[in-house]
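K.L.:
Residue numbers (numbering that gives the first Met the number 0), protein chains in the order written: chain A, 0 to 599; chain B, 0 to 599.
Where is the CB? At the ideal position from N, CA and C, for every residue including glycine.
Just so it is clear, the structure is predicted and the values come from calculations on it, not from any experiment.
Handing you this structure, nothing more for now.
There are 2 protein chains.
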Amino acid sequence: MQAPSRWCRWAGLPCPSVREAAFMYSTAVAVFLVILVAALQGSAPPESPFLYHIPLDPEESLELSWNVSYPQEAIFFQLLVKQLKAGVLFGMSDRGELENADLVVLWTDGDTAYFADAWSDQKGQIHLDPQQDYQLLQVERTPEGLALLFKRPFGTCDPKDYLIEDGTVHLVYGILEEPFRSLEAINSSGLRTGLQRVQLLKPNITFPATPSDTYTMDIHAPDIQIPNQVTTYWCYIHELPEGFPRHHIVKCAPEMDNVPHFNGPCDSKMKPDRLNYCRHVLAAWALGAKAFYYPEEAGIAFGGPGSSRYVRLEVHYHNPLVIEGRRDSSGIRLYYTDKLRRFNAGIMELGLVYTPVMAIPPRETAFVLTGYCTDKCTQLALPPSGIHIFASQLHTHLTGRKVVTVLARDGREWEIVNQDNHYSPHFQEIRMLKKMVSVHRGDVLITSCTYNTEDRELATVGGFGILEEMCVNYVHYYPQTQLELCKSAVNAGFLQKYFHLINRFNNEEVCTCPQASVSQQFASVPWNSFNREVLKALYAFAPISMHCNKSSAVRFPGEWNLQPLPKVISTLEEPTPHCPTSQGRSPAGPTIISIGGGKG
Amino acid sequence: MQAPSRWCRWAGLPCPSVREAAFMYSTAVAVFLVILVAALQGSAPPESPFLYHIPLDPEESLELSWNVSYPQEAIFFQLLVKQLKAGVLFGMSDRGELENADLVVLWTDGDTAYFADAWSDQKGQIHLDPQQDYQLLQVERTPEGLALLFKRPFGTCDPKDYLIEDGTVHLVYGILEEPFRSLEAINSSGLRTGLQRVQLLKPNITFPATPSDTYTMDIHAPDIQIPNQVTTYWCYIHELPEGFPRHHIVKCAPEMDNVPHFNGPCDSKMKPDRLNYCRHVLAAWALGAKAFYYPEEAGIAFGGPGSSRYVRLEVHYHNPLVIEGRRDSSGIRLYYTDKLRRFNAGIMELGLVYTPVMAIPPRETAFVLTGYCTDKCTQLALPPSGIHIFASQLHTHLTGRKVVTVLARDGREWEIVNQDNHYSPHFQEIRMLKKMVSVHRGDVLITSCTYNTEDRELATVGGFGILEEMCVNYVHYYPQTQLELCKSAVNAGFLQKYFHLINRFNNEEVCTCPQASVSQQFASVPWNSFNREVLKALYAFAPISMHCNKSSAVRFPGEWNLQPLPKVISTLEEPTPHCPTSQGRSPAGPTIISIGGGKG
């Protein structure tokens with residue numbers, strides 16, 4: 000994976016990012032786009048009141064549409080079953096498994112069709128939920144298939160139920176090919192099943208009308224033939240006209256109709272190396288997402304002196320059925336204006352420095368590493384008026400399971416910048432924040448990542464490699480500042496004290512010879528519970544080294560080594576879920592439904 | 000507090016126990032009894048369908064009766080308000096505070112009386128609960144006062160509500176002296192309030208009928224004058240007839256009518272010292288408790304050769320209003336039989352050895368220490384058929400907040416022996432288990448105590464002193480074995496490694512000079528987060544020293560030092576509370592009630 004690329008959707012592997020690989024910055028501008036191959040087969044759905052749509056399975060026989068009602072704290076789902084056989088499962092689970100899932104089931108025993116709120120146990124066995132929190136609103140036969148309309152509160156206060164939170168939700172589905180005499184007779188392990196990742200709780204932002212003096216620029220992959228492999232990252236370089244003056248990009252939207260310098264797979268040996276150093280991510284789009292709008296008072300600077308004339312379009316094709324010969328010209332439409340807005344928008348990197356001193360022991364199910372952007376750095380580098388974060392993209396490598404950034408002010412946790420309790424490295428979106436977060440001088444930004452290393456034998460150290468780890472939050476904000484990177488890592492000297500200490504305690508030989516690298520030292524630790532806990536204690540106590548950097552890795556002036564860990568004297572309360580009243584529930588037991596005289 | 004005494008109810012202080020103070024065992028038999036002075040004023044309530052009764056306030060103007068319905072998972076309460084003024088608060092909270100309490104409120108605005116489910120916030124401000132889980136069943140004027148009958152499920156799945164669990168429940172009350180225009184206008188800080196500790200979920204045991212060939216023996220304090228002080232432990236020594244043969248005690252019940260050797264306050268200088276060495280606790284009774292029955296197949300051996308001829312009655316008087324001149328002859332009635340039962344019952348001590356190597360850092364809100372009874376000890380000391388635990392008494396000193404003993408078999412947590420999530424050192428009862436727990440050879444018994452040392456400046460070490468700590472579960476079981484004590488503590492050598500280690504890490508001088516005592520070493524630790532966490536890691540990792548002892552501190556043969564910590568590969572799941580259906584709830588909002596034409 001030579002060519003770095005950032006949005007690795009539907010893929011088995013994430014990929015090192017431009018920012019990770021690039022210490023040398025070029026001025027190229029990258030635009031990314033993600034397309035599900037199968038999704039191109041279907042025509043656009045008829046005019047529908049649903050804002051969001053996503054196919055669940057590669058054959059696109061199940062299509063989900065939804066709306067979010069924040070006043071009701073509920074989601075309205077429409078599940079379109081195109082070729083109904085004997086029924087369908089749909090639901091949510093922690094990480095997309097069919098076990099311990101919160102489900103709705105539509106099934107038939109051959110005579111009658113039923114709809115019920117159900118759940119699966121740790122063996123995948125399905126059970127009726129005594130509290131029916133999915134409320135069936137309508138069943139309709141449409142020309143496209145059977146449409147089930149139902150409603151689900153975000154939280155149900157039923158401990159068996161999934162809590163719908165901000166961030167990634169792993170949707171699961173299963174297709175029943177034949178009748179079952181009862182709900183309990185269905186075992187999910189025998190079905191054709193799958194998962195789809197999506198952000199269900201889209202922010203409830205009223206998008207500004209696109210101003211009339213807005214130009215558009217379409218950047219398309221030119222009628223390419225999608226390779227017959229599951230995952231392809233296709234790159235295409237687009238050159239702006241010479242003398243193109245500064246504009247502000249105000250919106251980016253997917254473009255699926257027909258429109259080269261380089262044009263080929265991103266990992267092609269033919270692609271010039273310097274294209275890897277594209278500096279700025281402009282926009283990303285993924286299935287189910289709508290256009291990305293900038294706040295009315297800000298835009299991405301684009302064109303003009305000192306700016307790159309090159310835009311890289313990267314399309315990630317996910318072709319799970321390895322269909323051959325499919326052609327595509329997908330692209331992105333940039334909306335830009337010469338009426339420059341008040342503020343330039345910028346991107347800042349929060350979290351952990353890419354260094355092996357931050358490591359996760361093996362066989363951990365939920366190990367947390369934390370990176371800090373300290374009060375000293377924000378005091379020095381932010382403007383007196385502060386900055387406003389409007390979007391965020393969380394990033395880890397393969398073992399990342401949760402990510403959160405919290406803003407702390409005067410030693411108290413103040414608000415959450417972005418949080419994903421079901422984070423997947425295979426689903427990294429730029430997400431608009433529900434509410435802009437203002438960061439003042441002197442505030443602290445604390446980014447914590449939770450990792451699962453159950454399947455690893457050795458410690459996982461921080462670094463650029465796909466088998467190493469990162470903990471990063473790229474925040475999109477305005478007004479742009481010189482601060483490009485505000486990250487931390489444990490002080491290296493204190494880590495050496497740790498190695499000495501556990502060596503003495505265990506009376507075993509941990510390689511602490513000066514010539515051993517930190518990675519080698521970690522690889523030789525005997526991981527008993529004491530050594531694990533003391534590493535946690537070290538990370539929660541030892542002083543840190545700060546990277547408070549401008550562009551090109553230039554630090555702001557000051558002492559950044561051996562800094563004290565920011566103190567937090569009060570933490571945010573867990574939000575208490577609002578328990579729906581009983582009116583919102585269906586009667587206990589399955590609902591008999593009429594789906595007309597036949598199947599599918 | 001020279002005289003050890005074990006059941007320190009309603010008192011501001013717990014007290015070192017007989018077992019704690021006594022390494023020398025005498026053969027005296029102690030019987031304890033606890034009486035609330037105020038409680039003696041009222042006459043017995045009229046025949047009522049409620050099994051359990053307790054006065055809430057010292058004036059006894061509020062009296063609570065209750066029944067437990069395990070099939071419904073609900074408690075039926077009757078609150079008798081003897082002199083109703085403008086209303087009353089009643090409820091439950093974590094440790095008896097009026098803040099963050101789950102309440103029912105009866106109040107009047109001057110015209111109308113209302114009843115509602117409410118809760119108080121962290122400032123004691125009262126709010127209406129949108130989910131009304133206390134269901135008012137009946138309001139009745141009786142000759143004694145106003146009787147409110149209401150029902151409350153154990154768990155409500157409302158995060159604002161208290162979860163009624165096994166073990167101690169802190170009941171709270173408040174008396175409204177004047178009308179309030181609304182519920183929200185009531186602030187609990189301005190009221191006459193108080194707390195009462197009780198075990199609400201009494202075990203649902205059908206007590207055997209007392210056999211016809213049962214004798215009774217009444218042991219009474221002889222018409223004493225209750226001292227005008229808040230807390231008095233009154234001791235009285237009763238001598239059994241010479242040649243009294245072996246019997247089995249099968250039941251003990253409180254006796255409140257009129258019936259000396261020593262007779263005086265337990266801490267009197269006149270009391271012979273050797274009376275402190277009473278060995279066996281026979282029974283304890285506290286307010287709200289019923290008689291203590293032994294299982295039909297077992298009894299406490301009593302009388303006969305080798306047994307003590309002395310029974311010590313200890314009555315703990317709580318006289319919060321410091322009433323003068325009150326006289327009392329309370330006592331206990333022992334039911335015993337000469338038809339010896341199949342098994343002798345015994346008492347075994349589980350948990351931590353009384354040693355300073357087990358310590359709690361200062362300023363901790365929930366620090367856990369754990370003591371083990373290992374598989375090696377149960378393998379050696381239990382009979383092939385195992386033993387059956389039928390009752391348990393949890394014990395800590397002042398900083399104890401939770402206690403639990405779990406049985407582990409084949410490396411897996413198997414069942415809970417006894418658990419109290421709201422444990423109070425001021426309320427230590429012998430509790431019958433809901434279900435007898437059988438311990439096999441090779442089983443492990445794990446006793447964990449959670450401590451709060453927020454108000455301490457220095458580490459709290461294990462030991463006998465009232466300002467030191469203990470973590471003990473006295474289990475009552477049969478058949479009696481030689482194993483009297485099965486407890487552990489961290490290996491002392493590993494603790495010394497800890498002191499060396501943190502000394503090096505902190506580059507500070509922790510006193511590790513060989514002549515320093517462990518208590519002195521702990522007192523000199525600089526308690527930063529690293530030193531705290533590493534101590535936890537040590538206790539969770541280091542080998543232990545076992546006390547697997549017969550009577551008189553004689554160890555069973557074998558190597559008991561440097562034993563591995565028992566490994567537990569799977570833990571018990573938290574029970575998921577059963578959420579009540581909406582039928583069980585009252586309509587949202589207060590209920591208007593008619594309490595007849597007047598107050599009180």
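Using the beta-carbon of each residue, which ones in chain B are nearer than 8 Å to residue 504 (chain A)?
P.N.:
To locate residue 504 (chain A), count along the first sequence from 1; it is residue 505. Chain B residues near residue 504 (chain A): 496, 500.
K.L.:
Going by DSSP, what residues sit across from residue 216 (chain B) in a beta bridge?
P.N.:
Along the second sequence, read from residue 1 onward, the residue named residue 216 (chain B) stands at position 217. DSSP, once it has assigned bridges, lists B:333 as partnering residue 216 (chain B).
K.L.:
With residue 100 (chain B) and residue 171 (chain B) assumed to form a contact (beta carbons below 8 Å), what rounded beta-carbon distance in angstroms separates them?
P.N.:
Taking the first residue of the second sequence as position 1, residue 100 (chain B) is located at position 101. Taking the first residue of the second sequence as position 1, residue 171 (chain B) is located at position 172. So it is a contact: roughly 5 Å between Cβ atoms.
K.L.:
Got a sec? Which residues, its chain only, sit under 6 Å from residue 592 (chain A) by beta carbon, not counting five neighbours each side?
P.N.:
Position 593 of the first sequence, counting from 1, holds the residue named residue 592 (chain A). 112, 114, 138.
K.L.:
By a C-beta neighbour count over all protein chains shown, 10 Å radius and 16 as the cutoff for buried, is residue 160 (chain A) buried or exposed?
P.N.:
Stepping through the first sequence from its first residue, residue 160 (chain A) is reached at position 161. Buried.
K.L.:
Could you tell me the alpha carbon to alpha carbon distance between residue 375 (chain A) and residue 441 (chain A), rounded to whole angstroms?
P.N.:
Taking the first residue of the first sequence as 1, we reach residue 375 (chain A) at position 376. Taking the first residue of the first sequence as 1, we reach residue 441 (chain A) at position 442. Looking at the two C-alpha atoms, the distance is approximately 6 Å.
K.L.:
Taking CB distances under 8 Å as the criterion, tell me whether residue 532 (chain A) reaches chain B.
P.N.:
Looking up residue 532 (chain A) in the first sequence gives position 533. Yes, residue 532 (chain A) counts as interfacial toward chain B.
K.L.:
List the residues of chain D that residue 527 (chain B) touches, going by C-beta distances under 7 Å, in chain order.
P.N.:
You won't find chain D in this structure, because its protein chains are A and B.
K.L.:
With distances taken between CB atoms, is the gap from residue 555 (chain A) to residue 379 (chain A) smaller than 8 Å?
P.N.:
As a first step, residue 555 (chain A) must be located in the first sequence, where it is residue number 556. As a first step, residue 379 (chain A) must be located in the first sequence, where it is residue number 380. Yes.
K.L.:
Residue 434 (chain B) by DSSP, collapsed to three states: which one?
P.N.:
The residue given as residue 434 (chain B) occupies position 435 in the second sequence. Note: residue 434 (chain B) maps to strand in three-state DSSP.
K.L.:
Any beta-carbon of chain B closer than 8 Å to the one on residue 339 (chain A)?
P.N.:
Position 340 of the first sequence holds residue 339 (chain A). So, not an interface residue.
K.L.:
Using a Cβ cut-off of 7 Å, which residues of the stretch 560-572 of chain B contact any Cβ in chain A, in chain order?
P.N.:
From the stretch 560-572 of chain B, no residue has a Cβ closer than 7 Å to chain A.
K.L.:
Measure the Cβ-Cβ separation of residue 477 (chain B) and residue 297 (chain B) and say whether it is below 8 Å.
P.N.:
Within the second sequence, numbered from 1, the residue matching residue 477 (chain B) stands at position 478. Within the second sequence, numbered from 1, the residue matching residue 297 (chain B) stands at position 298. Yes; because the gap between Cβ atoms is below 8 Å, this pair is in contact.
K.L.:
Which of the three DSSP states, helix, strand or coil, is assigned to residue 246 (chain A)?
P.N.:
Looking up residue 246 (chain A) in the first sequence gives position 247. Residue 246 (chain A) falls in the strand class under three-state DSSP.
K.L.:
Return no unless some Cβ of chain B is closer than 8 Å to the Cβ of residue 536 (chain A).
P.N.:
Your numbering for residue 536 (chain A) matches position 537 in the first sequence. Residue 536 (chain A) counts as touching chain B.
K.L.:
Is residue 484 (chain A) helix, strand or coil when you go by DSSP?
P.N.:
As a working note, residue 484 (chain A) is residue 485 in the first sequence. Note: residue 484 (chain A) maps to strand in three-state DSSP.
K.L.:
What does the alpha-carbon distance come out to for the pair residue 365 (chain A) and residue 368 (chain B)?
P.N.:
Here the question's residue 365 (chain A) lines up with position 366 in the first sequence. Here the question's residue 368 (chain B) lines up with position 369 in the second sequence. When rounded, the distance between both Cα atoms is 23 Å.
K.L.:
Quick one: what does DSSP say residue 327 (chain A) is sitting in, helix, strand or coil?
P.N.:
For this step, residue 327 (chain A) is matched to residue 328 along the first sequence. Three-state result, residue 327 (chain A): strand.
K.L.:
What does DSSP give as the partner residues of residue 493 (chain B) in its beta bridges?
P.N.:
The residue you call residue 493 (chain B) lines up with position 494 of the second sequence. Its beta-bridge partners do not exist; DSSP assigns none.
K.L.:
Just the C-alpha distance for residue 300 (chain A) and residue 246 (chain A), rounded to the nearest angstrom, thanks.
P.N.:
As a working note, residue 300 (chain A) is residue 301 in the first sequence. As a working note, residue 246 (chain A) is residue 247 in the first sequence. Rounded to whole angstroms, residue 300 (chain A) to residue 246 (chain A) spans 6 Å at the Cα level.
K.L.:
How about residue 342 (chain A) and residue 475 (chain A): are their beta carbons less than 8 Å apart?
P.N.:
By 1-based counting over the first sequence, the position of residue 342 (chain A) is 343. By 1-based counting over the first sequence, the position of residue 475 (chain A) is 476. In this structure, residue 475 (chain A) does not lie closer than 8 Å to residue 342 (chain A) by Cβ.
K.L.:
Quickly, what does DSSP pair residue 401 (chain B) with across the bridge? List them, please.
P.N.:
If you number the second sequence from 1, residue 401 (chain B) lands on position 402. Residue 401 (chain B) pairs with B:449.
K.L.:
State yes or no: is the beta carbon of residue 156 (chain A) nearer than 8 Å to at least one beta carbon in chain B?
P.N.:
The residue labelled residue 156 (chain A) in the question sits at position 157 within the first sequence. Closer than 8 Å: yes.
K.L.:
Would you give the residue range spanned by the alpha helix (DSSP H) that residue 116 (chain A) belongs to?
P.N.:
In the first sequence, residue 116 (chain A) corresponds to position 117, counting from 1. Note, residue 116 (chain A): premise wrong, no alpha helix (DSSP H); beta strand (DSSP E) at 112-119.
K.L.:
Between the Cα of residue 425 (chain B) and those of B:194, B:188, B:79, spot the shortest distance and give me the residue it belongs to.
P.N.:
To locate residue 425 (chain B), count along the second sequence from 1; it is residue 426. Among B:194, B:188, B:79, the Cα nearest to that of residue 425 (chain B) belongs to B:194.
K.L.:
Rounded to whole angstroms, how far is the Cβ of residue 151 (chain B) from the Cβ of residue 73 (chain B), which I believe are closer than 8 Å?
P.N.:
Locating residue 151 (chain B) in the second sequence gives position 152, counting from the first residue. Locating residue 73 (chain B) in the second sequence gives position 74, counting from the first residue. Between residue 73 (chain B) and residue 151 (chain B) the Cβ distance is about 6 Å, and since that is below 8 Å, they are a contact.
K.L.:
If you draw a straight line from the alpha carbon of residue 306 (chain B) to that of residue 244 (chain B), how long is it in whole angstroms?
P.N.:
Locating residue 306 (chain B) in the second sequence gives position 307, where the first residue counts as 1. Locating residue 244 (chain B) in the second sequence gives position 245, where the first residue counts as 1. Distance between the alpha carbons of residue 306 (chain B) and residue 244 (chain B) is about 9 Å.
K.L.:
In whole angstroms, what is the alpha-carbon distance linking residue 210 (chain A) and residue 338 (chain A)?
P.N.:
If you number the first sequence from 1, residue 210 (chain A) lands on position 211. If you number the first sequence from 1, residue 338 (chain A) lands on position 339. So the two alpha carbons sit approximately 10 Å from each other.
K.L.:
Throw me the rounded Cβ distance for the residue 252 (chain A) and residue 293 (chain A) pair, which I believe falls under 8 Å.
P.N.:
Indexing the first sequence from 1 puts residue 252 (chain A) at position 253. Indexing the first sequence from 1 puts residue 293 (chain A) at position 294. Rounded, the Cβ-Cβ distance is 12 Å, inconsistent with contact.
K.L.:
Taking the alpha helix (DSSP H) that residue 521 (chain A) falls in, what are its first and last residues?
P.N.:
Taking the first sequence and counting its residues from 1, one reaches residue 521 (chain A) at position 522. Its alpha helix (DSSP H) spans residues 517-522.
K.L.:
Quick test of the definition: if touching needs 3 or more C-beta pairs under 8 Å, does the stretch 390-400 of chain A touch the stretch 412-428 of chain A?
P.N.:
Yes, the stretch 390-400 of chain A touches the stretch 412-428 of chain A.
K.L.:
Assuming residue 419 (chain B) is part of the beta strand (DSSP E), what are its boundary residues?
P.N.:
Reading the second sequence from its first residue, position 420 is the one you call residue 419 (chain B). Residue 419 (chain B) -> beta strand (DSSP E) spans 411-419.
K.L.:
Counting only the same chain and skipping the five closest in sequence on each side, list residues whose C-beta sits under 7 Å from that of residue 382 (chain A).
P.N.:
Taking the first sequence and counting its residues from 1, one reaches residue 382 (chain A) at position 383. 478, 480.
K.L.:
Mind checking whether residue 549 (chain B) and residue 456 (chain B) have CB atoms under 8 Å apart?
P.N.:
Here the question's residue 549 (chain B) lines up with position 550 in the second sequence. Here the question's residue 456 (chain B) lines up with position 457 in the second sequence. Going by C-beta atoms, residue 549 (chain B) is not nearer than 8 Å to residue 456 (chain B).
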